Amino acid sequence: MSTANPVITSSPSRTGVWVGIAAITMSFAAFTSAMVVRQGAAPDWLHFRLPPLLYLNTVILLASSATLERCRRRAASGAGPAAAIPWLAASITLGLLFVVGQALAWRDLAAQGLYLATGPSSAFFYLLTAVHAIHLLGGVVALIYVWFRLVRTEANNVPSALGATVLYWHFVGVLWLYLLLILAIRL
Amino acid sequence: MGKLFAVLLTIITAVSMYIFLSRTWWLPHDISVLGHGIDHQLMETLVESGILFVAAQLVLAAFVWRFGGDGDGRAIKTFPGGAIPMVVIATLLVGGEVLALTLVGTKVWSSIYQAPPDPNALRIDVLAEQFAFYFRYSGADGRFGTIHPELIDEGNGNIYGLDPANDTTARDDIVSASLVVPVNHPILLSMHAKDVGHAFYVPALRIQQDFVPGLLIPLQFTATQPAKEEIVCTQLCGLGHYNMRGYLEVMPQEEFDQWLADQASN
Amino acid sequence: MADSASPSPVHRDTTEKLAQLKHLPPEGFLRTHVFSLDHKVIGKQYLDMALVAVIVGMVLSWLMRFHLGFPETPVPGLGTIAPSSGAGGVMTPELYLSLMTMHGTIMVFFVLTTAPFAGFGNFFLPIQVGAEDMAFPRFNMMSFWVTFVGFLVLLAAFLVPEGAPISGWTAYAPLSAVGKDAGPGLGLGQTLWAVSIALFCVGQLLGSLNFITTTLDLRTKGMSLARMPFSTWAWFITSIIGLIAFSVLLPACVLLFLDRVGGTSFFIPAGLVISDRLQPHSGGSPLLWQHLFWFFGHPEVYIAILPGFGIVSHVLPAFARKPVLGPRLLIGCMAAIGFLSYTVWGHHMFLSGMNPFSATLFSVPTLVITIPATIVVLLWIGTLYGARLRFTTAALFCIGFISVFVSGGISGFFLAQPSIDTYLHGTYFVVGHFHFVMGVAAMFGIFAGTYFWFPKMYGRMMNETLGKWHFVLTFIGVYCIFMPMHYLGLAGNVRRYSAFTDEYMKGSLPLHRFITYAALVTGAVQILFFINLFWSRFRGAVAPENPWEATTLEWSTSSPPPFDNFGTWHPVVYRGPDEYGVEGPSGDFRMQAVPDRGGKGAPA
Ligand code: HEM
Ligand SMILES: [Cu+2]
Ligand SMILES: [Cu+2]
Chain A
4 MSTANPVITS
14 SPSRTGVWVG
24 IAAITMSFAA
34 FTSAMVVRQG
44 AAPDWLHFRL
54 PPLLYLNTVI
64 LLASSATLER
74 CRRRAASGAG
84 PAAAIPWLAA
94 SITLGLLFVV
104 GQALAWRDLA
114 AQGLYLATGP
124 SSAFFYLLTA
134 VHAIHLLGGV
144 VALIYVWFRL
154 VRTEANNVPS
164 ALGATVLYWH
174 FVGVLWLYLL
184 LILAIRL
Chain B
61 MGKLFAVLLT
71 IITAVSMYIF
81 LSRTWWLPHD
91 ISVLGHGIDH
101 QLMETLVESG
111 ILFVAAQLVL
121 AAFVWRFGGD
131 GDGRAIKTFP
141 GGAIPMVVIA
151 TLLVGGEVLA
161 LTLVGTKVWS
171 SIYQAPPDPN
181 ALRIDVLAEQ
191 FAFYFRYSGA
201 DGRFGTIHPE
211 LIDEGNGNIY
221 GLDPANDTTA
231 RDDIVSASLV
241 VPVNHPILLS
251 MHAKDVGHAF
261 YVPALRIQQD
271 FVPGLLIPLQ
281 FTATQPAKEE
291 IVCTQLCGLG
301 HYNMRGYLEV
311 MPQEEFDQWL
321 ADQASN
Chain C
24 MADSASPSPV
34 HRDTTEKLAQ
44 LKHLPPEGFL
54 RTHVFSLDHK
64 VIGKQYLDMA
74 LVAVIVGMVL
84 SWLMRFHLGF
94 PETPVPGLGT
104 IAPSSGAGGV
114 MTPELYLSLM
124 TMHGTIMVFF
134 VLTTAPFAGF
144 GNFFLPIQVG
154 AEDMAFPRFN
164 MMSFWVTFVG
174 FLVLLAAFLV
184 PEGAPISGWT
194 AYAPLSAVGK
204 DAGPGLGLGQ
214 TLWAVSIALF
224 CVGQLLGSLN
234 FITTTLDLRT
244 KGMSLARMPF
254 STWAWFITSI
264 IGLIAFSVLL
274 PACVLLFLDR
284 VGGTSFFIPA
294 GLVISDRLQP
304 HSGGSPLLWQ
314 HLFWFFGHPE
324 VYIAILPGFG
334 IVSHVLPAFA
344 RKPVLGPRLL
354 IGCMAAIGFL
364 SYTVWGHHMF
374 LSGMNPFSAT
384 LFSVPTLVIT
394 IPATIVVLLW
404 IGTLYGARLR
414 FTTAALFCIG
424 FISVFVSGGI
434 SGFFLAQPSI
444 DTYLHGTYFV
454 VGHFHFVMGV
464 AAMFGIFAGT
474 YFWFPKMYGR
484 MMNETLGKWH
494 FVLTFIGVYC
504 IFMPMHYLGL
514 AGNVRRYSAF
524 TDEYMKGSLP
534 LHRFITYAAL
544 VTGAVQILFF
554 INLFWSRFRG
564 AVAPENPWEA
574 TTLEWSTSSP
584 PPFDNFGTWH
594 PVVYRGPDEY
604 GVEGPSGDFR
614 MQAVPDRGGK
624 GAPA
């Protein structure tokens with residue numbers, strides 16, 4: 004190998020996550036504007052109360068962000084992967100718990116007779132929560148990948164994927180707060 | 061090779077322009093009050109863009125002719141003055157043209173689509189369906205019966221889904237398969253679709269308008285001479301789209317009144 | 024953005040990153056040729072897929088053209104391929120419409136987006152910035168395979184019982200949303216269409232992610248943004264446009280899919296009676312689909328054409344032997360076009376029943392966008408002034424590109440004005456316009472790219488004589504096909520009609536027949552290209568490293584490049600991409616990666 008190596012001035016995985024965030028934001032902007040247009044298009048918008056479980060789910064998701072942040076700090080502090088992994092495991096568990104909670108919220112809604120095809124408001128509810136959950140599950144897959152990286156790297160080496168995944172995970176949390184807000188306002 | 065290309069491009073440009081100018085394929089005659097404005101706008105644009113087209117292609121041909129080959133050891137040259145002056149001039153020209161076209165065009169456009177409805181206009185309710193147009197006149201009472209989609213029954217001739225049994229305004233509504241209008245009288249169409257998107261296009265009137273399911277869309281025109289024209293659908297609406305036709309018949313006022321009376325008595 | 028010319032800041036995790044970046048040669052057949060992570064293989068896969076797609080799309084257009092020219096004559100063999108809708112060889116209207124829909128969809132998505140952007144972009148963007156690969160090779164591989172599955176799903180629509188969709192490449196709701204009541208092809212075929220396009224969006228989003236990140240983060244030493252080749256700039260701008268556009272089309276396809284199979288009513292209003300059945304939907308908005316679609320659709324046109332801009336700006340100077348006139352202006356204009364493309368989508372909807380005032384609002388940016396487009400054309404023409412033009416096939420296709428882009432752009436002047444669009448909308452004028460400006464221009468960009476880069480990609484030269492015949496005949500052919508469509512449009516000849524047999528449009532039949540002859544001949548001419556492609560791949564003269572005496576990084580490595588692009592050498596960039604017509608060490612040019620004194624590979 005020759006002397007001059009490509010110069011790395013910033014982390015591609017971080018940039019990649021930012022670009023991905025831009026794309027996802029755009030998609031949800033499209034969904035949101037569809038929602039606004041659809042609500043204005045006809046007087047058939049059904050208002051209903053959000054399942055209270057959603058608020059508990061929100062707390063769980065925020066908690067997962069906190070544990071993941073903890074994991075990142077641990078790993079960066081040089082304590083070695085062993086110290087970070089429990090926090091990572093906690094975040095993954097909380098993330099999955101959130102998805103389970105969302106599924107229960109769906110059941111709650113279905114029990115009230117509100118299905119995907121019942122009306123535009125319930126359709127958007129199922130749609131937005133489902134699309135969000137898919138993005139969250141993508142994050143879970145990334146966290147599992149990071150886990151493998153952590154196990155395999157030697158001490159004092161932080162995989163750049165960790166920082167990027169944490170960023171993505173926080174974004175998915177913020178995205179959920181946004182969705183909760185517009186769902187609460189609109190439904 | 062360069063000279064061959066230059067000649068070829070010149071010929072293509074000349075032939076293209078010649079066919080435009082010879083008007084072998086040209087707009088149909090114009091039977092609308094607003095057609096004149098549209099044609100004028102179109103001609104203006106044709107002239108200006110024709111000049112741009114010829115100029116650009118010929119300059120391209122000339123440069124390719126002139127600067128082909130690198131065997132003669134001649135030095136390269138930059139465009140006189142560089143990029144900026146050329147670009148500034150071109151931008152001013154194109155920008156000016158764009159501005160002029162927009163200003164004039166906006167007036168023409170708003171005279172068709174943004175003019176307030178003429179209070180004397182004859183109102184006609186147009187229904188588009190796969191693959192036909194229907195035209196409804198309000199009859200003596202001047203009011204249209206309400207449409208009930210669930211009552212639509214083509215087999216029994218209830219194309220619009222009217223309820224004459226309970227709805228007095230619907231009883232005298234006249235439904236026709238062709239659009240019959242009096243000459244020189246403003247017409248206000250109220251357009252809606254029964255199933256999917258369609259469009260209303262009469263080249264001789266120079267207007268076109270989509271039908272959008274769920275919307276009621278107004279469209280105004282005034283025909284200036286008696287004529288019989290085809291109405292064609294220009295929004296893809298399914299397998300019979302190519303065959304979706306109606307007729308526009310423009311007739312003198314007396315004839316029109318007679319026609320309406322005949323329809324009412326049927 | 025950090026300036027990559029500055030010395031490398033020391034990262035805590037640099038060693039790890041380098042380990043990640045260090046490329047190992049692929050092992051095994053699958054990793055080498057099928058599920059390859061190598062951007063060059065992926066680029067070729069995209070190009071091969073586009074080649075298959077363009078052949079399918081072209082054959083579909085022949086069938087359409089044949090029917091339009093000879094509405095009552097049986098097409099040889101059609102009765103066997105499509106026993107019901109093509110019984111006896113004469114196609115039914117629904118068969119025509121399904122061919123048209125598939126032609127448009129295949130051409131726009133699977134040819135014009137994949138070949139110039141995903142295909143060439145994948146192969147050359149990393150090399151041109153001096154990287155070993157894309158930033159995320161796994162995503163890159165997924166990008167291709169997801170797109171490929173999307174293509175298969177689309178083709179599968181031909182095989183379902185009711186046939187391929189008939190709602191056009193624009194798939195306007197409610198026709199596309201209500202299901203099979205609305206007609207043949209609108210059942211499973213249309214659902215497959217929505218799935219295919221959604222997959223396509225996912226594939227291209229993954230691609231755009233890679234393009235953007237690679238351009239921002241993996242440029243080699245000395246490759247500042249200002250030194251990037253125009254083609255890299257064009258792919259970079261295109262990927263930003265694509266990132267936004269496909270992020271919007273994807274949700275739109277999801278909504279369409281749910282309307283079709285989930286019983287929702289996003290696009291379907293109340294009270295529709297189709298095939299005598301009151302549809303079980305209410306409250307949706309057909310215009311919502313149009314807005315979402317065209318918010319994507321107009322930028323898509325630029326996704327198709329901007330890589331062509333990049334290719335022309337990259338290739339032309341190499342054969343004009345002088346730099347492009349106004350390089351910064353050129354890049355600025357491409358960026359301006361990209362930005363403006365998001366403000367004009369409503370010009371497809373002047374007559375859609377949206378507020379007429381917004382027509383004026385959309386018309387202004389549409390006319391404004393002609394200004395940067397005009398500047399770009401002028402800069403190219405100005406570049407030719409005083410040149411020492413070498414007429415290679417690639418150069419000819421660049422010059423041809425300028426000509427057809429001008430022709431198509433000028434008819435855009437008409438359609439951008441609502442008051443004229445009210446007459447020309449929905450006629451063949453539009454078909455002529457978009458085929459010139461998007462279809463033919465982008466195809467010429469692809470041809471130019473192919474003739475230019477083929478030696479680098481396959482290590483062999485293409486045959487120039489065949490290439491020149493291909494160019495001249497194609498150039499004449501496309502004018503014969505698409506210029507007359509403008510005349511038809513002026514005469515009020517409407518589009519998306521399967522036949523013009525009755526009195527209304529009978530007068531247009533001779534011209535339609537002429538177009539058909541021209542299309543069949545021009546199509547046949549493409550066989551020259553295919554022959555050239557295959558013959559040269561195996562039998563062409565062996566290509567040297569830099570056959571065109573060009574300057575950018577791809578010409579500083581072997582033809583074809585090794586799996587890690589530059590082998591053990593790490594290129595360092597010393598100058599901009601456009602140093603032609605100067606005194607250089609080996610001719611009238613100076614290469615980006617060769618220092619003023621000293622040979623290749625000498626580090627700074
Ligand atoms: C081989 C040369 C080509 C020929 C002869 C051809 C011919 C046609 C014809 C006859 C139509 C149907 C017009 C109508 O009925 O409204 C059509 C539509 C279309 N073509 Fe082509 N075409 C060619 C190449 C291309 C290319 C390269 C593109 C890429 C942009 C393209 C994109 C389209 C699109 C988007 C439509 C509209 C489909 C629709 O209305 O949904 N075509 N073409
Ligand atoms: Cu139609
Ligand atoms: Cu557009």
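Line by line, the protein sequences give chains A, B and C.
Counting the first sequence from 1 gives a position; the numbering used here is that position plus 3.
Counting the second sequence from 1 gives a position; the numbering used here is that position plus 60.
Counting the third sequence from 1 gives a position; the numbering used here is that position plus 23.
Even glycine gets a Cβ: it sits at the ideal position worked out from N, Cα and C.
The model shown is predicted, which means the values in this text are computed figures rather than measured ones.
What are the boundary residues of the beta strand (DSSP E) that residue i is part of?
i, result
"I184 (chain B)", "182 to 189"
"H258 (chain B)", "258 to 262"
"I65 (chain C)", "Note, I65 (chain C): premise wrong, no beta strand (DSSP E); alpha helix (DSSP H) at 62 to 92."
"H100 (chain B)", "Careful: H100 (chain B) lies outside any beta strand (DSSP E), inside the alpha helix (DSSP H) at 95 to 126."
"D270 (chain B)", "267 to 271"
"S442 (chain C)", "Per DSSP, S442 (chain C) belongs to no beta strand (DSSP E); it is in the alpha helix (DSSP H), 441 to 447."
"Y194 (chain B)", "192 to 197"
Hey, out of the options, whose CA is closest to residue i's CA?
i, options, result
"A66 (chain B)", "C:S262, C:S336, C:G423", "C:G423"
"M461 (chain C)", "C:V172, C:T96, C:L329, C:F143", "C:L329"
"F139 (chain B)", "C:S288, C:F140, C:P94, C:V347", "C:V347"
"K243 (chain B)", "B:V158, B:E309, B:I72, B:L94", "Position check: residue 243 (chain B) holds Val in this sequence, whereas Lys was assumed. Ranking the options by Cα distance to V243 (chain B), first place goes to B:E309."
"V40 (chain A)", "A:A86, A:F127, A:W21", "A:F127"
"H509 (chain C)", "C:E487, C:H56, C:P441, C:G435", "C:G435"
"I184 (chain B)", "B:P176, B:Y194, B:Q190, B:A175", "B:Y194"
"S76 (chain B)", "C:S430, C:Y119, C:P600", "C:S430"
"Q101 (chain B)", "C:G409, C:F470, C:F437", "C:F437"
With a threshold of 8 Å between beta carbons, is residue i in contact with chain F?
i, result
"S238 (chain B)", "Of the chains in the structure shown, none is chain F; the protein chains are A, B and C."
Tell me the residue span of the alpha helix (DSSP H) that contains residue i.
i, result
"A78 (chain A)", "56 to 79"
"R161 (chain C)", "160 to 179"
"H301 (chain B)", "Where H301 (chain B) is concerned, there is no enclosing alpha helix (DSSP H), given that its DSSP letter is neither H nor E."
Report back the beta-carbon spacing between residue i and residue j to the nearest angstrom; my notes put them in contact at under 8 Å.
i, j, result
"S250 (chain B)", "V186 (chain B)", "7 Å"
"L122 (chain C)", "A327 (chain C)", "Not quite, the Cβ-Cβ distance comes to about 21 Å (not below 8 Å), so this is no contact."
"S14 (chain A)", "A167 (chain A)", "7 Å"
"G306 (chain C)", "D47 (chain A)", "4 Å"
"A45 (chain A)", "A293 (chain C)", "7 Å"
With respect to 7 Å, is the separation between the Cβ of residue i and the closest non-hydrogen atom of ligand 4 below this value?
i, result
"C293 (chain B)", "As for ligand 4, it is missing from this structure, which binds only ligand 1, ligand 2 and ligand 3."
(request) Take every Cβ of the segment 69 to 76 of chain A, pair it with every Cβ of the segment 91 to 100 of chain A, and state whether three or more of those distances are shorter than 8 Å. (result) With the cut-off at 8 Å, the segment 69 to 76 of chain A and the segment 91 to 100 of chain A touch.
(message) Is it the case that the segment 437 to 455 of chain C contacts the segment 268 to 286 of chain B, given that we only count it when at least three CB pairs across the two stretches are under 8 Å?
(response) Proximity of the segment 268 to 286 of chain B to the segment 437 to 455 of chain C meets the contact definition, three or more beta-carbon pairs being nearer than 8 Å.
(request) Could you list the residues in the segment 341 to 366 of chain C with a C-beta less than 8 Å from some C-beta on chain A, going in chain order? (result) Closer than 8 Å at the C-beta level to chain A, one finds no residue of the segment 341 to 366 of chain C.
(message) Measuring CB atoms only, is the segment 273 to 290 of chain B touching the segment 200 to 212 of chain B, in the sense that at least three cross pairs come out at less than 8 Å?
(response) No, the segment 273 to 290 of chain B is not in contact with the segment 200 to 212 of chain B.
(message) Any C-beta of chain C within less than 8 Å: which residues of the segment 63 to 84 of chain B qualify?
(response) Those would be L64, F65, L68, L69, I72, S76, I79, F80, T84, in chain order.
(message) Closer than 8 Å between beta carbons: that is the criterion. Which residues of the segment 79 to 106 of chain A meet it against chain C?
(response) Contact residues of the segment 79 to 106 of chain A toward chain C are absent (C-beta to C-beta distance below 8 Å).
(message) Taking beta-carbon pairs under 7 Å, can you tell me which members of the segment 38 to 59 of chain A lie near chain C?
(response) Along the segment 38 to 59 of chain A, the positions whose C-beta sits under 7 Å from a C-beta of chain C are V40, R41, A44, A45, D47, read in chain order.
(request) Taking 8 Å as the threshold, find out whether the segment 238 to 255 of chain C comes into contact with the segment 152 to 159 of chain C through three or more Cβ pairs. (result) With the cut-off at 8 Å, the segment 238 to 255 of chain C and the segment 152 to 159 of chain C touch.
(request) Take every Cβ of the segment 19 to 32 of chain A, pair it with every Cβ of the segment 169 to 189 of chain C, and state whether three or more of those distances are shorter than 8 Å. (result) Taking 8 Å as the limit for Cβ pairs, the verdict is that the segment 169 to 189 of chain C does not touch the segment 19 to 32 of chain A.
(message) Output needed in chain order: residues of the segment 215 to 238 of chain C with a Cβ under 7 Å from some Cβ in chain A.
(response) For the segment 215 to 238 of chain C, which is checked against every Cβ of chain A, the residues closer than 7 Å are L228, L232, I235, T236.
(message) By the 9 Å beta-carbon criterion, what residues does the segment 370 to 399 of chain C contribute toward chain A?
(response) Within the segment 370 to 399 of chain C, no residue has a Cβ that lies closer than 9 Å to any Cβ of chain A.
(request) Could you run through the segment 271 to 287 of chain C and flag, in chain order, every residue whose CB is less than 8 Å away from some CB of chain A? (result) For the segment 271 to 287 of chain C, which is checked against every Cβ of chain A, the residues closer than 8 Å are V271, L273, P274, A275, V277, L278, L281, G285, G286, T287.
(message) Using a Cβ-Cβ cutoff of 8 Å, what residues of the segment 124 to 150 of chain A are near chain C? List them in chain order.
(response) Cβ contacts with chain C come from A126, L130, V134.
(request) Using a Cβ-Cβ cut-off of less than 8 Å, give me the residues of the segment 299 to 322 of chain B that come near chain C, in sequence order. (result) Look at the segment 299 to 322 of chain B: the residues with a C-beta under 8 Å from a C-beta of chain C are L299, G300, H301, Y302, N303, R305.
(request) Name, going along the chain, the residues of the segment 15 to 35 of chain A whose beta-carbon falls closer than 7 Å to a beta-carbon of chain C. (result) Answer set for the segment 15 to 35 of chain A: P15, T18, G19, V22, G23, A25, A26, M29, S30, A33, F34.
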